[in-house]
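Enquirer: Residues 63 to 390 (this note's numbering) are what the sequence shown spells out, left to right.
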Amino acid sequence: MSNSRLVDMTMLSPNHSGRRNQPITKIAIHHTAGAISAATIGNIFRPTSRQASCNYGIGNDNNIVLCVDEANRSWCTSSSWCDNRAITIEVSNSSNGGNWPVSDMVLAKLIDLVTDICRRNGIKNCTYTGGKDGVLQKHEWYAATNCPGPYLGSKFSYIASEVNKRLVGGSSNAPSAGGSSLYRVRKSWSDAKSQKGAFRNFENAKKCANSNSGYKVYDANGNEVYPRKSTSSKSIDTLAREVIAGDWGNGSDRVNRLRAAGYDYDAVQNRVNEILSGKSSKPSGKSIDTLAREVIRGDWGNGQDRKNRLERAGYDYNAVQRRVNELL
Ligand SMILES: [Zn+2]
């Protein structure tokens, strides 16, 4: 038994039962009911007084923390039956309350992690049946909890289907290719004249799209399969702000990393340029630290007014407020 090589950090929790007494056949996906980093998830499960843990946590910083070795039974799902069979994953929300959303980046990371768990543990079909007989498990089936929350809960079928595409495709990013069907690189599916090429190999189609700005890869049914479409309109903006914050490196490294993560580099870079040129109505990506100091100076008002103004400006109020509390 092994652990995922996708982990960014290891912060082992003492809260587990030792070796699991069942083979790994399930994956329980939880939400943290809070927007927190991977390191914070790790820290939460460190005290023995907590009496809880997870195998993996995915923070809102898009890092994965290993808290309990896969070989061991974590204390996560309020069920010995489930936790002995399941790899448990705590997933950070992107903001607090509402439908308890999770960012597109974190959702994509979760799909990568679930795919990796399935591959290494011989789970050939990642099923979501809406019941305990499937592979994907919900905490709310075992205890009086809202976990995994409305947003993440609504994504279980999508997660299963994306994982299965990867399991069938054999590549971390490739949608399934139906036999001899071709991947076509065009500006749009309806614009057949714009076609740059048709490829049996998805990777070759991606390369072609990458070297032709504005082009996309379509499968035989005309579905756009690359760049991956974002599941929320906010995501390009979020990515652009991450780029500005330095999270995605520079130059061709940035291009490669964004594309490897399945994002539309051109769209993100356009948004970055927009923000930096001041065309955007929103202030350019200030760091959480800068914002916290502005808040302390009084630039952002108080109470609900502060929250409204920060959020309207596209910032993460909770992250800023946490930093304010740290500084004070
Ligand atoms: Zn839970």
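Glycine included, every Cβ here is placed at the ideal spot set by N, Cα and C.
Would you please state the rounded distance, in angstroms, between the beta carbons of I98 and I151? I believe it to be under 8 Å.
Expert: The sequence position of residue 98 within the sequence shown is 36, counting from 1. The sequence position of residue 151 within the sequence shown is 89, counting from 1. Between I151 and I98 the Cβ distance is about 14 Å, and since that is not below 8 Å, they are no contact.
Enquirer: If you measure from the CB of H78, is any heavy atom of ligand 3 nearer than 7 Å?
Expert: Ligand 3 is not among the ligands present in this structure, which contains only ligand 1.
Enquirer: What is the rounded straight-line gap between the Cα of C188 and the Cα of C180?
Expert: The residue labelled residue 188 in the question sits at position 126 within the sequence shown. The residue labelled residue 180 in the question sits at position 118 within the sequence shown. If I take the Cα positions, the gap works out to 7 Å.
Enquirer: Under the criterion of a Cβ to heavy atom distance below 7 Å, does T102 qualify as lining ligand 1?
Expert: Counting from 1 along the sequence shown, the entry for residue 102 is found at position 40. No, the beta carbon of T102 sits no closer than 7 Å to any heavy atom of ligand 1.
Enquirer: Just checking my contact of W162 with H78 at CB under 8 Å: how many whole Å lie between their CB atoms?
Expert: The residue labelled residue 162 in the question sits at position 100 within the sequence shown. The residue labelled residue 78 in the question sits at position 16 within the sequence shown. Not confirmed; about 26 Å, so no contact.
Enquirer: So, A381 versus I350, is the Cβ gap smaller than 8 Å?
Expert: The count along the sequence shown starts at 1 and reaches residue 381 at position 319. The count along the sequence shown starts at 1 and reaches residue 350 at position 288. In this structure, I350 lies closer than 8 Å to A381 by Cβ.
Enquirer: Three-state secondary structure (DSSP) at M167?
Expert: For the purposes of this step, residue 167 is identified with residue 105 of the sequence shown, where counting begins at 1. Helix, per DSSP.
Enquirer: Tell me which residue opens and which closes the beta strand (DSSP E) that N134 is part of.
Expert: To locate residue 134, count along the sequence shown from 1; it is residue 72. Looking at the DSSP string, the run of the beta strand (DSSP E) that includes N134 is 134-136.
Enquirer: Give me the Cβ distance between Q113 and W143, rounded to the nearest whole Å; I'm assuming they're in contact under 8 Å.
Expert: Locating residue 113 in the sequence shown gives position 51, where the first residue counts as 1. Locating residue 143 in the sequence shown gives position 81, where the first residue counts as 1. Not a contact, Cβ separation roughly 18 Å.
Enquirer: Enumerate in chain order the residues of its own chain whose CB-to-CB distance from N105 is below 8 Å, with the five nearest sequence positions on each side excluded.
Expert: Numbered from 1 along the sequence shown, position 43 holds the residue referred to as residue 105. Contacts found: M73.
Enquirer: What residues match up with L198 in a beta bridge as DSSP calls it?
Expert: The count along the sequence shown starts at 1 and reaches residue 198 at position 136. Looking at the DSSP assignment, L198 forms a beta bridge with I89.
Enquirer: Could you tell me whether any non-hydrogen atom of ligand 1 is closer than 7 Å to the CB of T110?
Expert: To locate residue 110, count along the sequence shown from 1; it is residue 48. No - ligand 1 has no heavy atom lying nearer than 7 Å to the Cβ of T110.
Enquirer: Given a cut-off of 8 Å, decide if R248 and S256 are closer than it, judged by their beta-carbon atoms.
Expert: Here residue 256 is taken as the residue at index 194 of the sequence shown, counted from 1. Here residue 248 is taken as the residue at index 186 of the sequence shown, counted from 1. Yes, these two residues count as a Cβ contact at 8 Å.
Enquirer: Would DSSP call L449 helix, strand or coil?
Expert: The structure shown has nothing for residue 449, since the chain only spans 63 to 390.
Enquirer: Would you please state the rounded distance, in angstroms, between the beta carbons of R333 and A302? I believe it to be under 8 Å.
Expert: Counting from one through the sequence shown, the residue named residue 333 turns up at place 271. Counting from one through the sequence shown, the residue named residue 302 turns up at place 240. Going by Cβ atoms, the distance from R333 to A302 rounds to 4 Å, so yes, they are a contact pair.
Enquirer: Tell me the DSSP secondary structure of F107 in three-state form.
Expert: On the sequence shown, position 45 is the one that residue 107 refers to. Correct three-state label for F107: coil.
Enquirer: Report back the beta-carbon spacing between I120 and V153 to the nearest angstrom; my notes put them in contact at under 8 Å.
Expert: On the sequence shown, position 58 is the one that residue 120 refers to. On the sequence shown, position 91 is the one that residue 153 refers to. With 8 Å as the limit, I120 and V153 qualify as a contact, their Cβ atoms being about 5 Å apart.
Enquirer: Compare the Cα-Cα distances from A206 to each of R368, V130, T139 and report the closest residue.
Expert: Position 144 of the sequence shown, counting from 1, holds the residue named residue 206. Checked all of R368, V130, T139; the closest Cα to A206 is T139.
Enquirer: Where N183 and W362 are concerned, what is the direct C-alpha to C-alpha distance, given to the nearest angstrom?
Expert: As a working note, residue 183 is residue 121 in the sequence shown. As a working note, residue 362 is residue 300 in the sequence shown. Between N183 and W362, the C-alpha separation is close to 50 Å.
Enquirer: Closer than 7 Å by C-beta to N65: which residues in its own chain qualify, once you throw out the five before and the five after it? Chain order, please.
Expert: Translated into the one-based positions of the sequence shown, residue 65 becomes position 3. So the qualifying residues of the chain are L128, D131, E132.
Enquirer: In its own chain, which residues sit with a C-beta less than 8 Å from the C-beta of G276, not counting the 5 before and 5 after it?
Expert: Along the sequence shown, read from residue 1 onward, the residue named residue 276 stands at position 214. Same-chain partners within the cutoff: K249, D328.
Enquirer: DSSP three-state label for I126, please.
Expert: Within the sequence shown, residue 126 is the residue found at index 64, counting from 1. If DSSP states are grouped into helix, strand and coil, I126 belongs with the strands.
Enquirer: Going along the chain, which residues of its own chain have a beta-carbon closer than 8 Å to the beta-carbon of S141, five neighbours each way excluded?
Expert: The sequence position of residue 141 within the sequence shown is 79, counting from 1. Hits under 8 Å: Y204, A205.
Enquirer: Could you compute how far the alpha carbon of Y377 sits from the alpha carbon of Q383?
Expert: The residue labelled residue 377 in the question sits at position 315 within the sequence shown. The residue labelled residue 383 in the question sits at position 321 within the sequence shown. Roughly 11 Å separates the two Cα atoms.
Enquirer: Taking only heavy atoms of ligand 1 into account, decide whether any of them is closer than 7 Å to the Cβ of C129.
Expert: Here residue 129 refers to the residue found at position 67 of the sequence shown. No, the Cβ of C129 stays beyond 7 Å of every heavy atom of ligand 1.
Enquirer: What do you get for P109, buried or exposed, if any count of 16 or more other CB atoms within 10 angstroms of its CB means buried?
Expert: On the sequence shown, residue 109 is found 47 positions in, with the first residue counted as 1. P109 comes out exposed.
Enquirer: Sorted by chain position, which residues of the same chain lie with C-beta nearer than 7 Å to Y213's C-beta, five sequence neighbours on each side aside?
Expert: Within the sequence shown, residue 213 is the residue found at index 151, counting from 1. Once the five neighbours on either side are set aside, the close Cβ partners of Y213 are N161, W162, P163, V164.
Enquirer: Looking at N134 and R81, is the spacing between their C-beta atoms short of 8 Å?
Expert: Numbered from 1 along the sequence shown, position 19 holds the residue referred to as residue 81. Numbered from 1 along the sequence shown, position 72 holds the residue referred to as residue 134. In contact: R81 and N134 (Cβ atoms closer than 8 Å).
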